[in-house]
Each structure stands twice: as C-alpha cells, then as structure tokens.
Ligand code: SF4
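In the UniProt record's numbering, the protein residues as written are 1 to 367.
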C-alpha cells in the first residue's frame, strides 16, 4: 500500500511519519493527579502494545505529576491540554514528550508561546482539532444547519471548517519556523472525519494522527472506528492512530492493532479465520474457536489459523492459512502450510491444533 509522504517526527524514542510503521496510541482514563493509578494504567496499555500514551492534563497539579509518572514508565507520554496554555508550558517543563493542543479553545498568541517552549525542549506539538470544540467562526451561521451531520453538504461544511482550523495554526507555526507538527481532525461522524483528513492530507507535509472521536461503546464504537480509520488507512493516510471507545482503554489499543492487521499494515500475532457455520456444520465450531482463540490471542508470531465448519470452504481456507482445520462429522482434517496432514477425532482437535500452532510459531502459548 502506497502511503502518504510525511515528515519524520520524534515523540520521545518513537518515530512517526516518513513511512515509519503506523503507531497505535493509548490514552489513560485515570485522574492524572493520581500518579499510582495512572502509572498502573500506562503499564497495562504498553503491555497491550501502545507505543505512545496520552494523558488528560486539566490542572497544574496534573501537569506537575508528569515528571514522576515519566520516571516510572518506559513509553513516550503526550499531554492533552485544553484552554490553559500555562498548563501546556508546565507539561513541557515536566519533560512530556509531546503536547496536544486544541485550536478551538486556545488563542493564537498562547499557542505560539507553547510552540516556543516546545521548540526549546525539542518536542512536537499536535494540533488536535475536534468537531465538538471547533471555533465558532469556522461554522458561523452554519452552526444550526449542520447539526446531525445528515446531509452531505453539511458534512462538507464541518470537514472544511476542521481542516481550515488546523491549517491556520499550521501556517502560524510555520511562520515561526516551528515544523515539529502532528495534525488530527476528529469528529464523531465517520464520513465527516474521513473527508476532513482527505482535505488536509495533500496540503501539509506533517504526520496525521487518526481517530474518530466519541464513538460510543463497542460494538458501535469499534465499527465506527474501523470504518473511518480503515477508509483513510486504505488510501495511505495516517501515521498514528487511537481508537476512542467508551470502554476499557486496553480494548482501544487492541482494536487499533486489529484495524492495522486487517489492512496488512501490521503483521504480528495470530489472525483467525473461521466460518459463520450453517446447516452443514456438524461440530460445535463456536466453542472450538473460543477455546483456540483464548490460548493464542497473546501470541506474537504472525500466524494465520483457519477453523472451518465443513468440507465446502474448509479445505481451501485451511490450505491458504499457515495452519487450519476443516471440520466434518465426528472430527476434522488438519492442514499445515498448505498440506493435508491427518484426520483428527472430535475430542483431539483442539489439543492437536494448539500443539501444532505452538510448534509452528516456535513460542509458548497461553496456558
Ligand atoms: S464452511 Fe461449511 S459450515 Fe462453514 S459456512 Fe461454509 S458451508 Fe457452512
């Protein structure tokens, strides 16, 4: 997949842009002033694979907690700051690796002050536009019309306004020779978000951080995030991403990787192929799949495992996978690297499949 060209930006030890691997970010949901709880959650997020972690920093006390949090974790930290540029300055002084500011609630003079301090500290800024806090001047008399995002012309108005809001700040920073920039344009409406990123993608050379905001709980939130980010990633747009769900933040990180894996933008861990079953299926495929998945989901090797319900599509999918089983009445047939290995009885299928996966992956599996 040809990716959009973007400038290389460093967030602590992590590189984004310039064809670097797309980075999955996490965000804590703890009170950042509660250092112990925040560190614990950051550890969970990094264990799940988050390469960068953002924290809300709404107060000076939260900003002052950053150096202590940073000393206890090993992942670049981003401070999410709104309204008060002094908090952003404090975050930088505390050693944060990137600051996200929102041009919808911070004035130009204040943003420039933050940029000056960021430049001295050698850290990037993310201009994070959000449709929920877009400056009113960008929508003006359209504000009442566009509510609900139902009409295409209304989505266009908001998308253009979001892109314009970010562009103005980008130009402002460039005039001050500040180029350490990341941009995000998040809306809770999928099509509006996609359009806004499409509008800005070829106007600026900076990395784009993707997200659909306020998507709700899974599965709605997961579907919205997958469609929105999927549409952009498939066009080569996007250097980092965060899935936002009304759910455990670890789930957000997992979903981020699922989205990347689906588009072959990240190859690690198992990919499971299993059929929906139908009247031809003579085994309890759902329970077989659940048992296997629970044992392999934390594996690191990029292995495709097929578990199929019958001989219609079963042998084909199992042959195309690294390893697979095509079930039939009373058992199934094991395939490995495209070759039919042997027939298995129903009772031994899960055990044998797991043993073979372990051998193939060369790593131990859960349990
Ligand atoms: S593989 Fe067989 S059991 Fe599964 S959906 Fe297709 S026909 Fe049905």
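Yeah, the Cβ is synthetic: ideal placement off N, Cα and C, and Gly gets one too.
Given the structure is predicted, the values throughout are model-derived calculations rather than measurements.
Status (buried if at least 16 other CB within 10 Å, exposed otherwise) for residue i
i: residue 336; result: buried
i: residue 155; result: buried
i: residue 1; result: exposed
i: residue 309; result: buried
i: residue 281; result: buried
i: residue 51; result: buried
i: residue 98; result: buried
i: residue 361; result: buried
i: residue 70; result: buried
i: residue 454; result: With the chain running from 1 to 367 in the structure shown, residue 454 is simply not present.
i: residue 278; result: exposed
i: residue 338; result: exposed
i: residue 219; result: exposed
i: residue 202; result: exposed
i: residue 217; result: exposed
i: residue 171; result: exposed
i: residue 109; result: exposed
i: residue 344; result: buried
i: residue 359; result: exposed
i: residue 264; result: exposed
i: residue 240; result: buried
i: residue 8; result: exposed
i: residue 117; result: buried
i: residue 6; result: buried
i: residue 287; result: exposed
i: residue 26; result: buried
i: residue 234; result: exposed
i: residue 107; result: exposed
Nearest neighbour of residue i, chosen from the options [CA to CA]
i: residue 191; options: 224, 277 and 121; result: 224
i: residue 149; options: 332, 194 and 121; result: 194
i: residue 131; options: 341, 197, 296 and 114; result: 197
i: residue 320; options: 331, 328, 303 and 329; result: 303
i: residue 255; options: 275, 276, 229 and 181; result: 229
i: residue 60; options: 235, 189, 82 and 54; result: 82
i: residue 12; options: 359, 92 and 85; result: 92
i: residue 95; options: 113, 68 and 103; result: 68
i: residue 158; options: 8, 167 and 134; result: 134
i: residue 221; options: 247, 210, 116 and 20; result: 247
i: residue 75; options: 107, 358, 62 and 28; result: 28
i: residue 122; options: 53, 181 and 111; result: 181
i: residue 162; options: 7, 295, 185 and 245; result: 185
i: residue 18; options: 236, 350, 330 and 291; result: 236
i: residue 124; options: 16, 153, 359 and 363; result: 16
i: residue 175; options: 344, 111, 214 and 189; result: 111
i: residue 260; options: 32, 243 and 274; result: 243
i: residue 270; options: 363, 58, 241 and 108; result: 363
i: residue 357; options: 296, 3 and 313; result: 296
i: residue 289; options: 266, 351 and 44; result: 351
i: residue 215; options: 226, 318 and 177; result: 226
i: residue 84; options: 64, 66, 65 and 105; result: 105
i: residue 188; options: 200, 212 and 179; result: 212
i: residue 48; options: 6, 251 and 54; result: 251
i: residue 268; options: 233, 305 and 245; result: 305
i: residue 354; options: 313, 317 and 307; result: 307
i: residue 283; options: 245, 346, 342 and 315; result: 346
i: residue 35; options: 348, 315, 231 and 65; result: 65
i: residue 301; options: 266, 129 and 21; result: 266
i: residue 46; options: 167, 253, 349 and 340; result: 253
For residue j and residue i, believed in contact at Cβ under 8 Å, the rounded distance
i: residue 183; j: residue 206; result: 6 Å
i: residue 333; j: residue 323; result: The pair is not a contact, with the Cβ atoms about 12 Å apart (cut-off 8 Å).
i: residue 101; j: residue 127; result: 7 Å
i: residue 23; j: residue 14; result: 6 Å
i: residue 311; j: residue 328; result: 6 Å
i: residue 113; j: residue 89; result: 7 Å
i: residue 368; j: residue 285; result: The structure shown does not extend to residue 368, since the chain is modelled only from 1 through 367, so no value can be given for it.
i: residue 73; j: residue 43; result: 7 Å
i: residue 115; j: residue 178; result: 5 Å
i: residue 31; j: residue 54; result: Going by Cβ atoms, the distance from residue 31 to residue 54 rounds to 15 Å, so no, they are not a contact pair.
i: residue 238; j: residue 210; result: 4 Å
i: residue 56; j: residue 33; result: Actually they do not touch by this definition, with Cβ atoms about 10 Å apart.
i: residue 165; j: residue 103; result: 5 Å
i: residue 349; j: residue 331; result: 6 Å
beta-carbon residue i near the ligand HEM non-hydrogen atom, thresh 8 Å
i: residue 358; result: Looking at this structure, you won't find the ligand HEM anywhere; what it does contain is the ligand SF4.
Which whole runs of the beta strand (DSSP E) in the stretch 166 to 229 are 3 residues long or more, in chain order? 181 to 186
What residues does the ligand SF4 have around it, judged by CB closer than 6 Å to any heavy atom, in chain order? 275, 276, 277, 278, 280, 281, 308, 309, 310, 312, 313 and 314
Any beta strand (DSSP E) of 3 or more consecutive residues that is wholly inside the stretch 250 to 327: 271 to 274 and 304 to 308
Could you name each continuous beta strand (DSSP E) segment of 3 residues or more that falls completely within the stretch 17 to 51, going from the start of the chain to the end? Fully contained in the stretch 17 to 51 are the following beta strand (DSSP E) runs of length 3 or more, in chain order: 23 to 27.
Please go through the stretch 321 to 362 and give each complete beta strand (DSSP E) segment of 3 or more residues, from N-terminal end onward. 323 to 328, 331 to 336 and 339 to 345
Unbroken stretches of the beta strand (DSSP E), 3 residues or longer, contained in the stretch 52 to 95: 52 to 56 and 77 to 81
Identify every run of the alpha helix (DSSP H) within the stretch 95 to 126, keeping only runs that are complete inside it and at least 4 residues long; order them along the chain. 108 to 121
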